[in-house]
Amino acid sequence: MILPPDPSQPRRPWGSDQARLHRHLLRHPCLLPAGGSLLLAVSGGQDSMALTTLLRDLQHLHGWCLQLWHGDHGWRPDAARQAEELLQWARSQGLPLWLDRADPVPLSEAEARDWRYGALAEAALQLPCTHVVTGHTASDRAETILLNLARGSHLRGLASQGASRPLGREADSLRLVRPLLVFDRADTGRLCRERSLPVWEDSSNADRRFARNRLRAEVMPVLEDLHPGACRRISAQAERLEQQFGAETELLELALGALEAKGAPGRLQRRRLASLAPASQRRLLQHWLRRHLGSDPGARNLETLVTRLGQGGDPGRLDLAGGWQLHWDRSTLWVRTPDALHG
0 MILPPDPSQP
10 RRPWGSDQAR
20 LHRHLLRHPC
30 LLPAGGSLLL
40 AVSGGQDSMA
50 LTTLLRDLQH
60 LHGWCLQLWH
70 GDHGWRPDAA
80 RQAEELLQWA
90 RSQGLPLWLD
100 RADPVPLSEA
110 EARDWRYGAL
120 AEAALQLPCT
130 HVVTGHTASD
140 RAETILLNLA
150 RGSHLRGLAS
160 QGASRPLGRE
170 ADSLRLVRPL
180 LVFDRADTGR
190 LCRERSLPVW
200 EDSSNADRRF
210 ARNRLRAEVM
220 PVLEDLHPGA
230 CRRISAQAER
240 LEQQFGAETE
250 LLELALGALE
260 AKGAPGRLQR
270 RRLASLAPAS
280 QRRLLQHWLR
290 RHLGSDPGAR
300 NLETLVTRLG
310 QGGDPGRLDL
320 AGGWQLHWDR
330 STLWVRTPDA
340 LHG
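Here numbering that gives the first Met the number 0 is used: position 92 in the sequence shown is 91, and no number is missing along the way.
Given below as structure tokens:
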């Protein structure tokens with residue numbers, strides 16, 4: 000049920016955009032819990048300005064505490080001026096704004112992203128806030144999926160940029176949330192025009208040396224022209240994949256429990272594992288090793304491992320990233336940590 004605005008609270012606009020987001024949050028109550036302390040990443044572009052406005056419109060229904068964060072990568076000469084203008088706008092709206100400037104200046108998109116999320120996590124922990132909120136839309140998610148597909152990403156890369164994930168060192172408590180995945184870039188642009196919101200354009204978004212900018216300018220318009228609504232459908236497919244991987248993770252945990260060696264916690268039964276189809280072995284080993292290493296072991300390592308485990312019952316070892324080692328004998332497999340190796 001969608002609750003109408005409470006007449007005892009300050010009047011906020013209520014239209015189809017507010018109803019859509021409110022309905023989405025009611026279906027997913029853990030996304031932005033009522034009464035939560037939220038840190039909104041605000042670049043000043045149309046998506047983040049639409050995000051700020053929509054959450055302010057719904058604030059009286061959900062009881063959030065809203066704070067803003069803006070990061071200056073140091074890439075543009077006009078960035079400092081835009082940051083100051085954004086700060087003045089935030090003050091006029093009664094919203095506190097945290098400003099961060101990168102030092103040293105990041106040299107690539109990847110470095111800029113790492114700095115941005117690191118700075119957001121640090122600011123959220125200091126304020127403190129439990130959720131970092133970004134204005135990513137279905138359009139952003141569709142672009143990420145297509146870039147990952149072009150790079151030959153694993154299926155998990157096609158389910159990336161989900162609605163929520165852990166962020167920072169306090170992974171159990173700090174969450175990164177993207178509530179606008181039910182909107183696309185056309186929606187946020189329309190909302191900004193309807194509400195006469197100030198929008199600060201990032202001149203670096205026009206630089207087609209960056210892969211995402213070129214995809215956005217040259218590829219996405221063609222897809223939308225051929226199949227209107229393509230961005231939303233691609234994003235929805237990623238959402239279905241994400242849900243599928245969540246269900247698969249539960250099944251993998253059950254299967255690994257059945258493969259554990261009796262009386263030897265943390266070890267897997269080699270013969271029972273080797274009796275499965277190679278694809279099943281690779282998937283189970285990938286999940287098991289990721290649990291230990293905290294990262295993907297890599298397709299080549301998995302292929303090598305499955306091949307060697309199937310070659311008789313001889314013992315062996317496989318060196319993994321970060322100093323980790325996988326060992327096996329005739330009956331079991333186990334992982335040795337870098338600490339254990341040097342202890």
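Here a beta-carbon is modelled for each residue, glycine too, at the ideal position from N, C-alpha and C.
- Query: Looking at the unbroken beta strand (DSSP E) that takes in residue 333, where does it start and where does it end?
  - Reply: 331-335
- Residues bridged to residue 100 by DSSP? 71
- 8 Å contact criterion, which residue 101 and residue 73 should meet: CB distance rounded: 5 Å
- Query: By Cβ distance below 7 Å, which residues in the same chain neighbour residue 209 in space, the five residues on each side in sequence not counted?
  - Reply: 108
- Item | Paired residues, beta bridge with residue 240 - DSSP | Partner(s): none; residue 240 has no beta bridge.
- Message: For residue 200 and residue 47, I'd like the C-alpha separation in whole angstroms.
- Response: 11 Å
- Query: From residue 205 to residue 230, what distance separates their C-alpha atoms?
  - Reply: 20 Å
- Query: My guess is that residue 146 and residue 214 are in contact by the Cβ rule of under 8 Å, so how many angstroms apart are they, rounded?
  - Reply: 6 Å
- Message: Does the structure place the segment 117-136 close enough to the segment 8-23 that three or more beta carbon pairs sit under 8 Å?
- Response: no
- Task: Output yes if chain B places a C-beta closer than 8 Å to the C-beta of residue 304; else output no.
- Result: Protein chains in the displayed structure number just one, and chain B is not present.
- Message: For residue 175, which residues in the same chain have their Cβ closer than 6 Å to its Cβ, ignoring the five residues on either side in sequence?
- Response: 131, 164 and 166
- DSSP beta-bridge partners of residue 163: 176
- Message: Measuring straight from C-alpha to C-alpha, what distance separates residue 134 and residue 116?
- Response: 14 Å
- Query: What is the DSSP secondary structure of residue 84, counted as helix, strand or coil?
  - Reply: helix
- Query: Can the beta-carbon of residue 16 be found less than 8 Å from the beta-carbon of residue 190?
  - Reply: yes
- Message: Can you give me the C-alpha to C-alpha distance between residue 143 and residue 227, rounded to a whole angstrom?
- Response: 18 Å
- Buried/exposed call for residue 296, threshold 16 Cβ in 10 Å: buried
- Item | Reduced DSSP secondary structure (H/G/I, E/B, other) of residue 40 | strand
- Task: Could you tell me which of 12, 95 and 293 sits nearest to residue 37, measuring between CA atoms?
- Result: 95
- Query: Among 157, 284, 85 and 106, which one has its Cα closest to the Cα of residue 327?
  - Reply: 284
- Put residue 369 into one of helix, strand or coil per three-state DSSP. The chain is shown from 0 up to 342; residue 369 falls before or after that span and cannot be answered.
- Task: State the DSSP-derived secondary structure class of residue 316, mapped to helix, strand or coil.
- Result: strand
- Task: To the nearest angstrom, report how far apart residue 87 and residue 203 are at their CA atoms.
- Result: 23 Å
- Flag this pair as yes or no: are the beta carbons of residue 129 and residue 35 separated by less than 8 Å? yes
- Task: Can you check DSSP and say which residues form a bridge with residue 259?
- Result: 267
- Using DSSP bridges, identify the partner residues of residue 65. 37
- What is the residue span of the alpha helix (DSSP H) that residue 17 lies within? 15-26
- Query: How big is the Cα-Cα spacing for residue 150 and residue 11?
  - Reply: 44 Å
- When you compare only the Cα positions, how much space is there between residue 281 and residue 160? 25 Å
- DSSP beta-bridge partners for residue 327? 315 and 332
- Task: Taking only the alpha-carbon atoms, compute the straight-line gap between residue 44 and residue 243 and give it to the nearest angstrom.
- Result: 33 Å
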